[in-house]
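>
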Amino acid sequence: MTRPVHLVDDDQAVREALSLLLQTVGIKVRSFATPEAFLAQLGGLEPGCLILDIRMPVISGLKLQEKLAERGVHWPTVVISGHGDIEACRRAFRNGAIDYLTKPVDEQDLIDAIQRGQAQLDLHERAAAEAAETRRLLGQLTSREAEVLELIAKGLTTRQIAEALSLSPRTVESHRAAIGVKTGTTSAAELTRFWLEGREAP
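Residue numbers (full-length UniProt numbering): 1 to 202.
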């Protein structure tokens with residue numbers, strides 16, 4: 001597991017114990033004594049799995065989850081607590097936690113949760129890379145080609161597209177060929193997928 005873990009807990013003994021545990025299984029750990037310290041360095045941190053103590057002074061683990069969401073940071077988060085608070089557990093999951101563990105934390109449960117979090121990060125990164133590639137490919141299209149692509153995605157035939165855009169069928173075929181070269185596919189199904197992904201991309 002090459003991705004780092006960012007541990008935020010105001011209890012020094014817990015930070016040291018969990019850091020030692022994770023380092024022994026080859027996980028890089030960066031620990032923070034307060035949420036404020038973590039937020040201050042957030043911009044320079046590599047994406048990774050978060051371990052947050054739920055009860056901390058000033059900013060709780062739950063509040064930190066909310067602050068990260070406001071900043072568009074959705075790293076997989078494991079919440080740990082010394083109290084079996086069901087409502088806090090519910091809130092943590094509503095805020096996107098992937099697991100909620102009570103102290104003393106079971107070592108294998110924590111490692112398993114981190115593995116799930118790292119797998120989730122990998123999936124998100126691949127999806128983001130695919131979305132970026134889709135945007136790049138669609139960005140090469142002319143405005144007319146983009147119009148033709150939209151109508152292809154909506155299921156129109158070449159003749160119907162020609163009528164809709166007041167073009168000749170031959171001109172539409174020419175645009176379709178150019179779209180195929182720029183996107184790497186002439187499949188209507190694949191072109192529809194490109195168009196849909198382009199619409200969904202931020």
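Ideal placement from N, C-alpha and C gives every residue a C-beta, glycine not left out.
(1) Does the distance from the CB of L52 to the CB of V8 come in under 9 Å?
(2) What is the C-beta distance between A177 and P169, in whole angstroms, given that I count them as a contact (C-beta under 8 Å)?
(3) Taking the alpha helix (DSSP H) that H124 belongs to, which residues open and close that run?
(4) Are the CB atoms of L151 and L137 within a distance shorter than 9 Å?
(5) Quick one: complete beta strand (DSSP E) runs, 3+ long, within the UniProt domain "Response regulatory" (4–118)?
(6) State yes or no: is the C-beta of L121 within less than 9 Å of the C-beta of G48?
(7) Measure the alpha-carbon distance for S19 versus G26 and round it to whole angstroms.
(8) Do L50 and W75 have their C-beta atoms closer together than 9 Å?
(9) Among the residues of its own chain, which have a CB less than 8 Å from the CB of G198, if the five just before and after it don't count?
(10) Name the two residues that bound the continuous alpha helix (DSSP H) containing K182.
(11) Do R55 and V28 count as a contact pair if the criterion is CB distance below 9 Å?
(12) Under DSSP, the alpha helix (DSSP H) around S187 begins and ends at which residues?
(13) Does DSSP put S143 in a helix, in a strand, or in coil?
(14) Looking only at its chain, what residues have a beta carbon closer than 7 Å to the beta carbon of D99, apart from the 5 residues adjacent to it on each side?
(15) To the nearest angstrom, report how far apart S33 and K63 are at their CA atoms.
(16) Spatial neighbours of residue 203 within its chain, please: C-beta separation below 6 Å, excluding the five flanking residues on both sides.
(17) Could you give the residue range of the alpha helix (DSSP H) that holds T158?
(18) Report all residues from its chain with a CB closer than 6 Å to the CB of G61; omit the five preceding and five following residues, and keep chain order.
(19) Could you name the residues of the same chain whose beta carbon sits closer than 6 Å to that of G117, not counting the 5 residues immediately before and after it, in chain order?
This is what the structure holds:
(1) yes
(2) Contact between A177 and P169 does not hold, since their C-beta atoms are separated by about 13 Å, which reaches or exceeds 8 Å.
(3) Judged by DSSP secondary structure, H124 falls within the alpha helix (DSSP H) whose first and last residues are E107 to G139.
(4) no
(5) 5–8, 29–32, 49–53, 77–81 and 97–102
(6) Cβ atoms of L121 and G48: closer than 9 Å.
(7) So the two alpha carbons sit approximately 11 Å from each other.
(8) yes
(9) T134, R135 and L138
(10) P169 to T183
(11) Checking the sequence, you will find Lys at residue 28 rather than Val. The answer is no: Cβ separation not under 9 Å.
(12) First-last for S187: undefined, no H or E at that position.
(13) helix
(14) V78 and A113
(15) In the sequence as displayed, the identity of residue 33 is Ala instead of Ser. The straight-line gap from Cα to Cα measures roughly 15 Å.
(16) No answer is possible for residue 203: it lies beyond the span of the chain, which begins at 1 and ends at 202.
(17) T158 to L165
(18) L52, D53, I54 and V79
(19) C49, P76 and I98
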